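Student: Line by line, the protein sequences are chains A and B.
Counting from 1 along the first sequence, just add 400 to a position and that's the residue number in our numbering.
Counting from 1 along the second sequence, just add 116 to a position and that's the residue number in our numbering.
Using N, Cα and C, we set each Cβ at its ideal position, and we do this for glycine too.
In this text the structure is predicted, and so the values were computed from the model without any measurement.
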Amino acid sequence: ILNVEQSPQSLHVQEGDSTNFTCSFPSSNFYALHWYRWETAKSPEALFVMTLNGDEKKKGRISATLNTKEGYSYLYIKGSQPEDSATYLCAFLNSGYSTLTFGKGTMLLVSP
Amino acid sequence: GAVVSQHPSWVICKSGTSVKIECRSLDFQATTMFWYRQFPKQSLMLMATSNEGSKATYEQGVEKDKFLINHASLTLSTLTVTSAHPEDSSFYICSARWTGRYGYTFGSGTRLTVV
């Protein structure tokens, strides 16, 4: 059983604050790490697909880093806005499988 | 592009009845569709993988006779919860792989409540 952990479980910040959360995953047989943004009643939206150790990806105010040797990825949001409020999911793709293993997500609430 | 439409978004049914959930790929052909279930405060758990034109592959502990999956066309996969019980109440969501091993797109999910 593959174990993907996300922390914190939830986070409440003020508009303008920068924040970050963690996804940890098995360091062996790594293939890819996905980040999704999931708003209530909508489909999870793909943010990043990360494959290379040391990779850093950016999309607007959101960025992510990847350390496959130690098995973690960080997601950063700079200058949080209320519209960033959502659950952020990470999902691990093992080299032996074609299915994603998800963490429980980090629920972010940004207050105006 | 790569949109998956899932219906219904919520359903309430009586114990013992069956419920069908549909996922359609709107602008691409989904040869493989994944079905997940999520209980409160838990992660999305893979139930089964369906491939167009063949039998679905179920994860350990998922009853294939209870959760019937049909993937008869490249744009439609259905999950039927048969003889539903209150413990089947959960959030069900489908996903399709649309480009290589990296591109996964999701439906918006179905909240099933069995009373």
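For a test of the three-state rule: what should DSSP assign to A:Gln405, helix, strand or coil?
Tutor: Looking at the sequence itself, residue 405 of chain A is Glu, so the reference to Gln does not match. Strand, per DSSP.
Student: Which residues, in order along the stretch 148-168 of chain B, keep a beta-carbon less than 9 Å from a beta-carbon of chain A?
Tutor: Taking 9 Å as the Cβ-Cβ cut-off against chain A, the residues of the stretch 148-168 of chain B that qualify are Thr148, Phe150, Tyr152, Gln154, Lys157, Gln158, Ser159, Leu160, Met161, Leu162 and Thr165.
Student: So the beta strand (DSSP E) A:Val510 belongs to, where does it begin and stop?
Tutor: Segment Thr506 to Ser511, the beta strand (DSSP E) holding A:Val510.
Student: What's the C-alpha gap between A:Phe430 and A:Lys457?
Tutor: Taking the straight line from one Cα to the other gives about 18 Å.
Student: Return helix, strand or coil for B:Glu138, following the three-state DSSP convention.
Tutor: Three-state result, B:Glu138: strand.
Student: Quick check: the stretch 489-499 of chain A against the stretch 431-441 of chain A, are there 3 or more CB pairs under 8 Å?
Tutor: Contact between the stretch 489-499 of chain A and the stretch 431-441 of chain A is present, because at least three Cβ pairs lie under 8 Å.
Student: Please go through the same chain and pick out, in chain order, the residues whose beta-carbon is closer than 8 Å to the beta-carbon of B:Leu162, but skip the five residues on each side of it.
Tutor: Within the same chain, B:Leu162 has close Cβ partners Phe150, Trp151, Tyr152 and Glu175.
Student: Among A:Val449, A:Trp435, A:Ser424 and A:Ala464, whose alpha-carbon lies nearest the alpha-carbon of A:Gly471?
Tutor: Here the closest residue by C-alpha is A:Ser424.
Student: Out of A:Ile477, A:Asn403 and A:Gln409, state which residue places its alpha-carbon closest to the alpha-carbon of A:Gly505.
Tutor: Of the listed residues, the one whose Cα sits closest to A:Gly505 is A:Gln409.
Student: For my contact list, A:Trp435 and A:Phe448 are in at a C-beta cut-off of 8 Å; report their separation, rounded to the angstrom.
Tutor: With 8 Å as the limit, A:Trp435 and A:Phe448 qualify as a contact, their Cβ atoms being about 5 Å apart.
Student: Counting along the chain, where does the beta strand (DSSP E) carrying A:Asn429 start and finish?
Tutor: Where A:Asn429 is concerned, there is no enclosing beta strand (DSSP E), given that its DSSP letter is neither H nor E.
Student: Taking only beta-carbon atoms, is A:Lys442 less than 7 Å away from chain B?
Tutor: True, the Cβ-Cβ gap to chain B drops below 7 Å.
Student: Output yes if chain A places a C-beta closer than 7 Å to the C-beta of B:Phe144; else output no.
Tutor: No, no contact with chain A.
Student: At the level of alpha carbons, what is the spacing between A:Gln414 and B:Arg140?
Tutor: Taking the straight line joining both Cα atoms gives about 38 Å.
Student: Using the Cα positions of A:Leu508 and B:Gly223, report the straight-line distance between them to the nearest angstrom.
Tutor: Between A:Leu508 and B:Gly223, the C-alpha separation is close to 21 Å.
Student: Within 7 Å of any Cβ in chain B, is that where the Cβ of A:Lys504 sits?
Tutor: Yes, its Cβ sits closer than 7 Å to a Cβ of chain B.
Student: Around the C-beta of B:Gln122, are 16 or more other C-beta atoms found within 10 angstroms, so that it is buried, or is it exposed?
Tutor: Looking at its Cβ environment, which holds 16 or more other Cβ atoms inside 10 Å, B:Gln122 is buried.
Student: Anything in chain B within Cβ reach of A:Leu500, meaning under 7 Å, just list it in chain order.
Tutor: Under the 7 Å cutoff, chain B gives Tyr220.
Student: One question on the structure: do B:Thr229 and B:Ser205 come within less than 7 Å of each other, judged by their Cβ atoms?
Tutor: Cβ atoms of B:Thr229 and B:Ser205: closer than 7 Å.
Student: Taking the beta strand (DSSP E) that A:Gln561 belongs to, which residues open and close that run?
Tutor: Nothing can be reported for residue 561 of chain A, as the shown portion of chain A is limited to 401 through 512.
Student: Based on the DSSP output, what are the partners of A:Met450 in its beta bridges?
Tutor: Answer by DSSP bridge pairing, in chain order: A:Leu433.
Student: Just the C-alpha distance for A:Asn467 and A:Glu405, rounded to the nearest angstrom, thanks.
Tutor: If you take the alpha carbons of A:Asn467 and A:Glu405, they lie about 14 Å apart.
Student: Any C-beta of chain A sitting closer than 7 Å to the C-beta of B:Ser121?
Tutor: Chain A contact via Cβ: absent.
Student: Smallest Cα separation from B:Leu190: which of B:Ala146, B:Ile128 and B:Lys136?
Tutor: Among B:Ala146, B:Ile128 and B:Lys136, the Cα nearest to that of B:Leu190 is on B:Ala146.
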